[in-house]
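Peer 1:
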Amino acid sequence: MGILGKNGLERADGEREGVTKFHLRYTRSAPLSAARLATLQGWRRILFDLGLIGQEATDSGPLGFGNVSERCHAEQDPERRFLITATQTGGKPVLTPKDYSLVTGWDLVANRIDAEGPSPPSSESLTHAIFYASLADVRYVFHGHSPEIWSCANALGLPSTARDAPYGTPEIAREVQTLLALPDCRAAGLVVMGGHRNGVISFAARAEDAGHLLIQSLARARGLAPTHQA
Ligand SMILES: [Zn+2]
């Protein structure tokens with residue numbers, strides 16, 4: 060078993076993103092075909108162009124944010140597996156098949172991810188796994204950063220995890236699972252990560268729905284009166 064824990068950067072506010080917060084059992088293997096990744100590639104590029112995926116300057120250096128995943132089709136792949144962008148790819152405008160990883164299993168209780176591919180998976184793979192484990196019909200999970208959506212969560216009526224539940228902890232995992240048990244939250248298809256600054260996650264059975272939810276929320280936030288915007 061390998062544990063990645065020192066390949067990220069420390070944020071000025073003490074929150075660590077880009078650090079793998081779970082036990083990772085990773086096996087290097089060949090990239091998937093470009094055709095297999097086409098849907099994720101298309102939406103990932105749109106979210107990058109909108110600034111929902113990208114890279115920010117910190118005191119410690121540039122730090123990538125945002126990631127997208129796709130559950131493997133149940134009929135063709137009965138195992139619990141999903142494709143996800145690799146760790147620290149947020150700053151790249153265009154990804155190649157070498158920038159994707161295949162998560163082959165997870166254990167939420169043991170905080171463990173199994174993965175294979177040309178690069179290790181996103182540091183936020185376990186969060187994506189919570190959505191796939193909780194909602195059988197979800198096939199796409201998109202995670203972006205948006206100060207506008209995040210700061211307007213209440214005004215927009217979006218479900219949100221508590222701001223005092225630090226990201227990457229068992230508490231936030233339990234909060235997400237509790238939220239996803241609520242019919243209103245499942246219907247919203249989008250969760251604001253209160254304890255993860257600017258973090259927003261959309262989830263849906265179709266990629267276009269997960270993408271539209273993020274874009275619609277961004278448009279609604281920008282349409283609010285300036286008093287709602289922090
Ligand atoms: Zn994030």
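Residue numbers for the sequence shown follow the numbering used here, beginning at 60 and rising by one.
The beta-carbon is built from N, C-alpha and C at its ideal position, and this holds for glycine as well.
Rounded to a whole number of angstroms, what is the C-alpha to C-alpha distance between residue 257 and residue 124?
Peer 2: What you label residue 257 is simply residue 198 of the sequence shown in a count that begins at 1. What you label residue 124 is simply residue 65 of the sequence shown in a count that begins at 1. Each residue's alpha carbon lies about 10 Å from the other.
Peer 1: Residue ranges of each alpha helix (DSSP H) run of no fewer than 4 residues wholly in the segment 208 to 245, ordered along the chain?
Peer 2: 212 to 215, 229 to 239
Peer 1: Pull up the DSSP beta-bridge partners for residue 126, would you.
Peer 2: Position 67 of the sequence shown holds residue 126. 202.
Peer 1: At a cut-off of 7 Å, is residue 124 close to ligand 1 when judged by its beta-carbon and the heavy atoms of the ligand?
Peer 2: Locating residue 124 in the sequence shown gives position 65, counting from the first residue. Flag set: Cβ of residue 124 near ligand 1.
Peer 1: Quick check: what's the CA-CA separation for residue 122 versus residue 237?
Peer 2: What you label residue 122 is simply residue 63 of the sequence shown in a count that begins at 1. What you label residue 237 is simply residue 178 of the sequence shown in a count that begins at 1. Whole-angstrom Cα-Cα distance: 30 Å.
Peer 1: So, under 8 Å CB-CB, residue 129 and residue 98 are touching, yes? Tell me the CB distance rounded to an integer number of Å.
Peer 2: Start at 1 with the first residue of the sequence shown, and residue 129 comes out as number 70. Start at 1 with the first residue of the sequence shown, and residue 98 comes out as number 39. 6 Å between Cβ atoms; contact.
Peer 1: If you follow the beta strand (DSSP E) that residue 265 is in, where does it begin and where does it stop?
Peer 2: As a working note, residue 265 is residue 206 in the sequence shown. Per DSSP, residue 265 belongs to no beta strand (DSSP E) and is neither H nor E.
Peer 1: Does the Cβ of residue 129 lie closer than 7 Å to at least one heavy atom of ligand 1?
Peer 2: Indexing the sequence shown from 1 puts residue 129 at position 70. Residue 129 Cβ: outside cutoff for every heavy atom of ligand 1.
Peer 1: Leaving out the 5 sequence neighbours to the left and right, which residues in its chain are closer than 7 Å to residue 221 when beta-carbon positions are compared?
Peer 2: Taking the first residue of the sequence shown as position 1, residue 221 is located at position 162. So the list reads 234, 253, 254, once near-sequence residues are dropped.
Peer 1: Is residue 73 helix, strand or coil when you go by DSSP?
Peer 2: Working through the sequence shown from its first residue, we reach residue 73 at position 14. Reliability fails at residue 73, whose pLDDT of 35 lies under 50, so the model's placement of it is uncertain and no value is given.
Peer 1: Go through its chain and collect everything with a Cβ distance to residue 281's Cβ below 7 Å, but skip five positions before and after it.
Peer 2: Counting from one through the sequence shown, the residue named residue 281 turns up at place 222. Hits under 7 Å: 207.
Peer 1: Expressed to the nearest angstrom, what Euclidean distance is found between the alpha-carbon atoms of residue 84 and residue 283?
Peer 2: Position 25 of the sequence shown, counted from the start, is the residue given in the question as residue 84. Position 224 of the sequence shown, counted from the start, is the residue given in the question as residue 283. Cα-Cα distance, rounded: 44 Å.
Peer 1: Are the beta-carbon atoms belonging to residue 143 and residue 181 less than 8 Å from one another?
Peer 2: If you number the sequence shown from 1, residue 143 lands on position 84. If you number the sequence shown from 1, residue 181 lands on position 122. Yes. Within cutoff.
Peer 1: Run the CB neighbour count on residue 242, radius 10 Å, all protein chains shown included, and call it buried at 16 or more, exposed below.
Peer 2: Along the sequence shown, read from residue 1 onward, the residue named residue 242 stands at position 183. In this structure residue 242 is exposed. Its beta-carbon is surrounded by fewer than 16 other beta-carbon atoms within 10 angstroms.
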